[in-house]
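Quick note: the sequence shown uses this note's numbering, first residue 91, plus one each step.
First comes the structure, then the notes that go with it.
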Amino acid sequence: MKKIILSALLLLALCFSALPSQVLAIGQITEPIKIDTALRGQEIVSKITVLNSEKKASVIGLVAEGQIADWTKFYAKEDTEFQNPITELTVPAGLYADVGVLFKIPSDTANGKYTGELSVVYNPTQESSSAETASTVAQKISRTVEITVSDQEVVSLEASVIPDKFDYAPGEPMSIRIIYDNKSNITLTPSVQVKIKQDDKTVYNVIYPYPETEPVVRSMSLYEIAPLTVPTASLSEGDFLAELTFLKGDQNILEKNFSFSVGSKGIVKGAMFTKLKDSKVLLAIIILVLAVAAVIGLARKKSDRSSTVS
C-alpha cells in the first residue's frame with residue numbers, strides 16, 4: 091500500500107514539475123489594447139512585447155483573431171516604415187522582443203465597437219508556430235483588443251524638443267531634435283514655426299514645413315524627424331528664448347520653448363555657476379574634515395585625562 095502511495099506521489103510530483111516550463115515558455119503583456127474614436131481608412135500603430143523564457147531560441151507565432159483580424163498586420167521592430175509584415179519571429183533564449191502592430195481600418199467600416207485578440211503562440215514540437223499551426227499549439231497567450239470606429243476627428247500631439255546645446259558660439263548653427271508622439275486618430279505632418287526672441291523682441295521667425303522625404307507620423311505612434319537646423323549668424327551675443335509652434339495647416343496644435351545663449355555671456359554664467367557649486371562642495375569637505383579632527387582631538391584629551399587619574 092505504501093509503495094502504491096509513494097508511486098502516486100512521485101508521479102504527481104513529476105507532473106507538477108513539468109508544468110512551470112510549459113506555462114512560462116512564452117509570455118506577453120496582457121493589458122487590453124483599447125482604441126477610442128478610430129477613423130475609417132486610418133492606420134493606427136500599437137505594439138506587443140513577447141517573452142521567450144526557454145533556454146533556447148524559439149520561433150513564436152503571431153496571430154490576430156476576431157473582428158479585427160483582417161485589419162491587423164505584425165512587423166519586426168526594425169521595420170519602422172511597416173513594409174514587410176511577419177507572422178512569426180525568432181526570440182533568443184530568455185529575452186523579450188517588441189513587435190510592431192498596424193491596424194488599418196477599412197474605409198467602409200460602420201461606426202461601432204470591434205473586438206478581437208492578438209495572440210502569441212508556441213509549439214515546441216514544430217519548427218514553425220505560425221497561424222497555420224495555431225489550432226495545435228501547446229501554448230497560446232492572448233491580448234484583448236477593442237477598437238471603436240467613429241467619424242469624429244481627434245487631433246492631439248506631443249513632442250520632445252531637444253536642442254544639441256544651450257550655449258552657442260557666435261555664428262554657430264543650432265540643431266534641434268524633434269520626436270513626435272501622435273495621440274490623434276489621424277496621421278500628421280506638422281510644420282514647425284520657430285521664433286527666437288531677445289527681450290520680448292522677435293529676431294528670427296521661420297516656418298519649417300514637414301520634410302517631404304519623411305513618412306507621415308501615424309496615429310498612436312512615435313517618430314523622430316531629421317533635426318532642424320537654425321542659423322544664429324544674425325543673432326547678437328546674449329540670452330534668447332526659442333518658441334516652437336507646431337501647425338496642422340493654419341491650426342496651432344502644440345507649443346514648446348527653451349532658452350539659450352550666444353557668445354561668452356551664457357558660457358561665463360555656466361562657468362560661474364559650476365565654480366560656485368565646486369566651492370560649496372569644497373567648503374563642505376573642509377568643514378567635515380575639521381569636525382572629524384575636533385572629535386578625534388576631544389577623544390584623545392579624555393583618554394589622556396583618564397590615564398592621569400588612574
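By construction, the Cβ of each residue, glycine as well, lies at the ideal position given by its N, Cα and C atoms.
Using only the alpha-carbon positions, how far apart do residue i and residue j sit?
i           : j           : result
residue 192 : residue 287 : 41 Å
residue 294 : residue 284 : 8 Å
residue 291 : residue 250 : 25 Å
residue 120 : residue 329 : 50 Å
residue 350 : residue 338 : 27 Å
residue 381 : residue 256 : 40 Å
residue 137 : residue 232 : 13 Å
residue 248 : residue 277 : 13 Å
residue 144 : residue 118 : 14 Å
residue 179 : residue 298 : 40 Å
residue 131 : residue 202 : 14 Å
residue 315 : residue 375 : 47 Å
residue 303 : residue 142 : 37 Å
residue 246 : residue 167 : 24 Å
residue 188 : residue 312 : 14 Å
residue 301 : residue 307 : 11 Å
residue 348 : residue 275 : 29 Å
residue 265 : residue 335 : 16 Å
residue 309 : residue 333 : 25 Å
residue 140 : residue 199 : 30 Å
residue 101 : residue 164 : Because residue 101 sits at a pLDDT of 46, beneath the cut-off of 50, its placement in the model cannot be relied upon, and the following sentence gives the value as read from the coordinates. So the alpha carbons of these two residues sit roughly 42 Å apart.
residue 268 : residue 378 : 46 Å
residue 58  : residue 196 : Only positions 91 to 400 of the chain appear in the structure, and residue 58 is not among them; the question remains open.
residue 270 : residue 317 : 12 Å
residue 213 : residue 241 : 41 Å
residue 190 : residue 116 : 18 Å
residue 273 : residue 344 : 12 Å
Among the options, whose alpha-carbon lies nearest the alpha-carbon of residue i?
i           : options               : result
residue 281 : 135, 125, 349 and 342 : 342
residue 353 : 313, 125, 325 and 274 : 325
residue 237 : 378, 332 and 127      : 127
residue 160 : 194, 183 and 139      : 194
residue 235 : 335, 271, 155 and 187 : 155
residue 181 : 307, 268, 272 and 148 : 148
residue 206 : 377, 335 and 122      : 122
residue 254 : 174, 229, 150 and 320 : 320
residue 133 : 327, 345 and 305      : 305
residue 146 : 184, 173, 174 and 125 : 184
residue 124 : 229, 170 and 239      : 239
residue 331 : 289, 158, 135 and 270 : 289
residue 258 : 296, 204, 318 and 322 : 322
residue 210 : 296, 317 and 150      : 150
residue 204 : 230, 170 and 157      : 157
residue 340 : 346, 327 and 279      : 279
Confirm the yes/no value for this check: CB of residue i, any heavy atom of the ligand ZN, distance under 8 Å.
i           : result
residue 256 : With respect to small molecules bound, the structure shown includes none, and the ligand ZN cannot be examined in it.
Does DSSP put residue i in a helix, a strand or coil?
i           : result
residue 160 : helix
residue 147 : coil
residue 334 : strand
residue 176 : strand
residue 381 : helix
residue 315 : coil
residue 119 : coil
residue 276 : coil
residue 376 : helix
residue 253 : strand
residue 132 : coil
residue 186 : strand
residue 208 : strand
residue 203 : strand
residue 213 : coil
How many whole angstroms separate the CB atoms of residue i and residue j, which I take to be in contact at a CB cut-off of 8 Å?
i           : j           : result
residue 129 : residue 262 : In fact, because the Cβ distance is near 44 Å, the residues do not count as touching under 8 Å.
residue 152 : residue 176 : 7 Å
Could you confirm whether any beta carbon from chain B is found closer than 9 Å to the beta carbon of residue i?
i           : result
residue 198 : The question asks about chain B, but that chain is absent: this structure has only one protein chain.
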